[in-house]
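Numbering (our numbering), first residue to last: 24 to 241.
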């Protein structure tokens, strides 16, 4: 297909597609003339994935480039793809504030929690530092906050992550399969965020009506 049709089918302006081509996010089409090229379904799928990553996942173009590189690596495992997405998710976080004693104590809490749960997590995983930074920020609001306060979130994360991976299980031997796997991972995260917002609105409505809240969800 010509680039105009690619734009029509993807819903993207031709100028945006050309930008992705210049940035190397979209591979070049098959040349048919000096200023013309043909594109295929693979290009359309790549554009759809880029839209998921930038619009739904809100990743920067630099992060998208890293994720796409992982997808294009045919030796990359499911764990490697997941790590690439998570690394990109936490890549933009600022350095931990210079509060060695407090930060060290909170980092110890995070490490102890992960160890107690038996989670197999890379010591260098950006999510570890991200969680420490969250705890530092919470402590600045109220010094009662620590990992114990986050226990319900830990339980929910353990349960949901098991469901995520079971739902996402499969092969990534081809670019199409790897792309679909990453897209689902990002979309599931967005779905949970949206559902949590809806549930919070419901709980606040119950409280306003004099109810005590609670959930009927299994």
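The beta carbon of each residue, even a glycine, is placed where N, CA and C say it ideally should be.
Practice item. May I ask which residues mark the beginning and end of the alpha helix (DSSP H) holding residue 25? Key: Segment: none, residue 25 is in no alpha helix (DSSP H) and carries neither H nor E.
Review point. How is the alpha helix (DSSP H) around residue 85 delimited, first residue to last?
Key: Counting along the chain, the unbroken alpha helix (DSSP H) around residue 85 starts and ends at 84 to 95.
Point to revise | Length of the line joining the Cα atoms of residue 64 and residue 111 | key: As the crow flies, the alpha-carbon of residue 64 is around 26 Å from that of residue 111.
Point to revise | Own chain, CB closer than 8 Å to residue 51, minus 5 neighbours either side, in chain order | key: Within the same chain, residue 51 has close Cβ partners 44 and 60.
**Study point:** Contact the segment 207 to 216 vs the segment 70 to 81: 3+ CB pairs below 8 Å
**Key:** By the Cβ test, the segment 207 to 216 is in contact with the segment 70 to 81, since at least three Cβ pairs between them sit closer than 8 Å.
Point to revise | Supposed close pair residue 129, residue 177 - CB separation, criterion 8 Å | key: Not confirmed; about 15 Å, so no contact.
Check your understanding: Ordered along the chain, which non-local residues of its own chain (more than five positions away) have a Cβ less than 7 Å from that of residue 67?
Key -> Closer than 7 Å at Cβ, skipping near neighbours: 29, 32 and 33.
Point to revise | Extent of the continuous beta strand (DSSP E) run through residue 60 | key: Where residue 60 is concerned, the enclosing beta strand (DSSP E) stretches over 59 to 61.
Check your understanding: So does the segment 197 to 208 actually touch the segment 90 to 100, counting three or more Cβ pairs closer than 8 Å?
Key -> Segment contact: the segment 197 to 208 against the segment 90 to 100, three or more CB-CB distances shorter than 8 Å; contact assigned.
Point to revise | Where the alpha helix (DSSP H) through residue 242 begins and ends | key: The structure shown does not extend to residue 242, since the chain is modelled only from 24 through 241, so no value can be given for it.
Point to revise | Straight-line Cα distance separating residue 136 from residue 93 | key: Between residue 93 and residue 136, the C-alpha separation is close to 29 Å.
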